[in-house]
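In what follows, a structure is listed as structure tokens, so that the remarks can point back to it.
Protein chains: 2
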Amino acid sequence: MSVRETVGEAAAAADALRALGTSGRAALLRGIAQGLDDARASLISAAVDETHLPVARLDGEVTRTANQARLFAEILEDGDYLGRIQDGEALRRVLVPLGVVAVFGASNFPFAFGVPGGDTVSALAAGCPVVVKAHPGHPRTSALAFEVLRQAVVAAGLPAGAIGMVSGFDDGARLVTDPGVAAVGFTGSTAGGRALYDLAVSRPAPIPFFGELGSVNPVVISPEAARRRPEELARTLTESIVASTGQLCTKPNLLLVPDGAGELVAHLRERFAASDPTELLNEGIADRFDSALSAWQHRVGARSLVESGRTPDGVRSAALVQLGAEDDVAGFEEAFGPATALLTYGDLKQAAGRIARMPGQLTVSVFAEEDELPGLGSLLAAAERVAGRVVFDQVPTGVAVTRSMTHGGPYPATTAASSTSVGGTAIARWLRPVTYQNVPLSLLPPELRTPEPALGVGAH
Amino acid sequence: MSVRETVGEAAAAADALRALGTSGRAALLRGIAQGLDDARASLISAAVDETHLPVARLDGEVTRTANQARLFAEILEDGDYLGRIQDGEALRRVLVPLGVVAVFGASNFPFAFGVPGGDTVSALAAGCPVVVKAHPGHPRTSALAFEVLRQAVVAAGLPAGAIGMVSGFDDGARLVTDPGVAAVGFTGSTAGGRALYDLAVSRPAPIPFFGELGSVNPVVISPEAARRRPEELARTLTESIVASTGQLCTKPNLLLVPDGAGELVAHLRERFAASDPTELLNEGIADRFDSALSAWQHRVGARSLVESGRTPDGVRSAALVQLGAEDDVAGFEEAFGPATALLTYGDLKQAAGRIARMPGQLTVSVFAEEDELPGLGSLLAAAERVAGRVVFDQVPTGVAVTRSMTHGGPYPATTAASSTSVGGTAIARWLRPVTYQNVPLSLLPPELRTPEPALGVGAH
């Protein structure tokens, strides 16, 4: 089936998906969650083969992905996501589905950010049919997850086309430019994301493109934290950096450490040198990791503290690079894999300045001691200015799927700083407001045909 | 001062504007409202000269603009706009200002959509410094309104640069591409808006562009409404079409009338022929009106029912064009001025199909009788699919500045269907979410340092 036909079938299912209503779509999402649980063994087996991620990690990811679908079911039942506002009798506002959503999943989370991931379930929750682009890194896993989605869609009484799938580079581009597609969700590289973003905004009728691209995720270690907790911080940070072989969008790529933190650096060197070599997702990822790491090593004044052990088949051990003290980190980009860079700073004011001048980030983290809090104001303000999540005394890896989560940030962290791709408000990406004026109750959409006290009432 | 310097001064005022807090910014907005009231006479006098709009209309517009600023003051005091969500103790989400906002106002509302209009006051409310691009159609009015804003900004204790102004075509383009600008608000033509949108999304770091471009605002008159109320509807519709010499973004450009509505059409012809010639805003608008009207008249099967009386100095009387019955309205665009087109339909199903195939609209309106309601379901569904506002038995002109208003819609009505440029939620355009994780109370922004019960609490 061509992209045009797949999108056409999806568009044809839009009315049925809307007509299911919030409770019907909540049931659909719970059906997807159950389907993922039921297919767990075969999903994990395919993903182990295709991604080299360990079973325990993939098992946890299936659980996370099923729970994510259940979170949106609860959000539908609450109804707050509908953004209903009423003025007097005549004006009633509600959020309605945008239309067919195209989803491009990531290589590193075949489930949570893949075919059955957050973009797909939040779009279905919103009432939008979905066409996923299967990731070339895990085609069998994608096909199995797609089967789960399709069975849940059919079991909900919807046309099968409410969820569609295409694959291949060219069909991905066709999907973004298809006139029947109303919005795009994307998780992946900055280069790939920007290319598809450019297609989306150059259409005769441009569409929103919610892309999560790249993030350095700087971590600032305060002078006192470095002095008092060198061993503990070295362990915590190394674990965060090498988890999932460093292939996490929130992995710290840059540690800002105070001058004279020799003990912390020594412990980091030791931990990095002792880390187990593990296999990256695929050869493309390994090649790009090697290039990015090489770019770090070739920055003016940079030197390797721990070299990455490499084998041709994509196995890598962790690398630690010390940047030159004068490095302004302009053009510094993430290395997607087990590596981080160290940059020293003189005082917290200088550290705040460095953070403030960075491009958009998913996260900025600060480790500090309680007696230092009064001096951290400008650093936290700088962190807020560039990031979607500001973390204190914890590592940024591990993104909780909760209502208040923001997994986003200014460009290039994402192409839409006002959005999040994880958490309850991720549904807002697929909705737009409509105000009904003077429309009789019987002609209002069901979401507005509720007793008035259920609606927010504006003062004007 | 160069655009770069103006934006630089605005950016330098961001921290002070944020530090004012919600109550301080509410006071700033009330200061702007008071300033508009105080300068009313000189503002109106300049605008009458520059726009040819009548005094009564401009006087009402100043009131509307001042009240708009006061609405955002109330919204700040409520605090709901902050989108605060909390999960347990550790995760707290809040919306923060995007940064410097560039505002391009419209020719037809020198106040409400001009220098002191909705884009400017909603951005200041959000905590974003603003640089306005003065409209070439009313430079003196823009300068006077800018003075009001600047005085209010200084009176609020802010650096004067928190509000800046540039003018001229080239500086407008420089403003959109300046790296210090974080978002753009625009109201104007489809061609001009798309050109600036293209600049915004092609930047090395793209920024959101909230443009309100063009809308046909179709109005469907049901068979029974046409039969029972021909005279009343002809009067109501004509008034809506010729108000402000047809220069309203929500002016009906297309009336869908049932076959055999001869009486309604006869009354419309009579009303249109009797309408007073009035002067358009400027010669550019008059030229574009003539071109658009000519495009209507040259569509296959079209014929003029009432010709527009024209004088070279921009005075026009109302024009009524009958489209061919087979016209699919593909490529049909608004004529910004006193004119509308008639298109006949066979039955309501056909009318619904025509609406569903239209591009994005600010409004779709339906006039019908109560006994017809059961047959209007698909028509209303089609209206929702293409429009930001669905109006029943009222004309679309006259956009209430209320909390529930949507003045937006899918492209080309706007470049961002998820937003509105009028009403309380217009502030959301200038905000992005940040989640604070495990951050001590003393380091949270003031908006989050509230007693916990004030925050929304997520279930997860």
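As they're listed, the protein sequences go chains A and B.
Its first residue numbered 1, the first sequence is counted upward by one per residue in the working numbering.
Its first residue numbered 1001, the second sequence is counted upward by one per residue in the working numbering.
Each residue gets a CB set at the ideal place from its N, CA and C atoms; glycine is no exception.
Taking a contact to require three or more Cβ pairs closer than 8 Å, the stretch 167-179 of chain A and the stretch 191-202 of chain A qualify as touching. Taking a Cβ-Cβ threshold of 8 Å, the residues of chain A close to B/D1087 are A400, T402, R403, S404, M405, in chain order. DSSP, read as helix, strand or coil, puts B/K1349 in helix. A distance of 8 Å or more separates the beta carbons of A/G193 and A/G172. For a Cβ distance threshold of 7 Å, residue set L373 of chain A lies close to B/S1442, ordered along the chain.
By the C-beta density criterion, B/P1116 is buried, having at least 16 other C-beta atoms within 10 angstroms. Within chain B, R1432, P1433, V1434, T1435 have C-beta atoms less than 9 Å from the C-beta of A/G388, given in sequence order. Boundaries of the beta strand (DSSP E) around A/Q437: 431-437. Partner residues in a beta bridge of B/M1358, as assigned by DSSP, do not exist. With a threshold of 8 Å between beta carbons, A/N438 makes contact with chain B.
Taking C-beta atoms as the reference points, B/P1277 and B/S1317 count as a pair closer than 8 Å. Here the alpha carbon of B/R1004 sits roughly 27 Å from the alpha carbon of B/A1112.
In this chain, A/E326 is not harboured by any beta strand (DSSP E), its DSSP state being neither H nor E.
Residues of the same chain with a CB within less than 8 Å of the CB of B/V1257, apart from the 5 flanking positions on each side, are I1221, A1226, L1264, V1265, L1342, L1343, T1344, Y1345 in chain order. Selection B/V1132, B/V1100, B/P1139, B/L1091 evaluated against B/L1043 yields B/P1139 as nearest (Cα-Cα).
Using a Cβ-Cβ cut-off of 8 Å, A/S23 does not count as an interface residue toward chain B, since no Cβ of chain B sits closer than that to its own.
Looking at the backbone, the Cα of B/S1421 and that of A/F332 are separated by about 37 Å. By the Cβ neighbour-count rule, B/P1374 is exposed, with fewer than 16 other Cβ atoms within 10 Å of its own. Taking all protein chains shown into account, A/Q68 has 16 or more neighbouring C-beta atoms within 10 Å of its C-beta and is therefore buried.
Beta-bridge partners of B/G1185 (DSSP): B/V1103, B/F1210. With the rule of 3 Cβ pairs closer than 8 Å, the stretch 4-14 of chain A counts as touching the stretch 123-138 of chain A. About 7 Å separates the beta carbon of B/E1050 from that of B/G1137, a gap short enough to meet the 8 Å contact definition. Less than 8 Å separates the beta-carbon of A/A368 from that of A/L376.
Between B/G1105 and B/T1187, the C-beta gap is smaller than 8 Å, which places the two residues in contact. Rounded to whole angstroms, B/A1123 and B/A1428 show a C-alpha spacing of 9 Å. Across the structure, A/V94 and B/V1101 are spaced so that their CA atoms are roughly 27 Å apart. Where B/P1139 is concerned, the enclosing alpha helix (DSSP H) starts and stops at 1139-1155. Under the three-state reduction of DSSP output, B/R1449 falls in the coil class, being neither helix nor strand. Straight across, the Cα-Cα distance linking B/L1053 with B/L1281 is about 7 Å.
A/T344 carries a strand assignment under DSSP once its states are collapsed to helix, strand and coil. Contact check for A/G324 and A/A302: beta-carbon distance about 6 Å, within the 8 Å limit, so the pair qualifies. Straight across, the Cα-Cα distance linking B/L1098 with B/G1262 is about 54 Å. By DSSP's assignment, A/P258 forms a beta bridge with A/Y345.
Interface residue (Cβ-Cβ distance to chain B less than 8 Å): A/L91 is classified as such. The beta carbon of B/P1116 sits no closer than 8 Å to any beta carbon of chain A. DSSP, read as helix, strand or coil, puts B/R1303 in strand.
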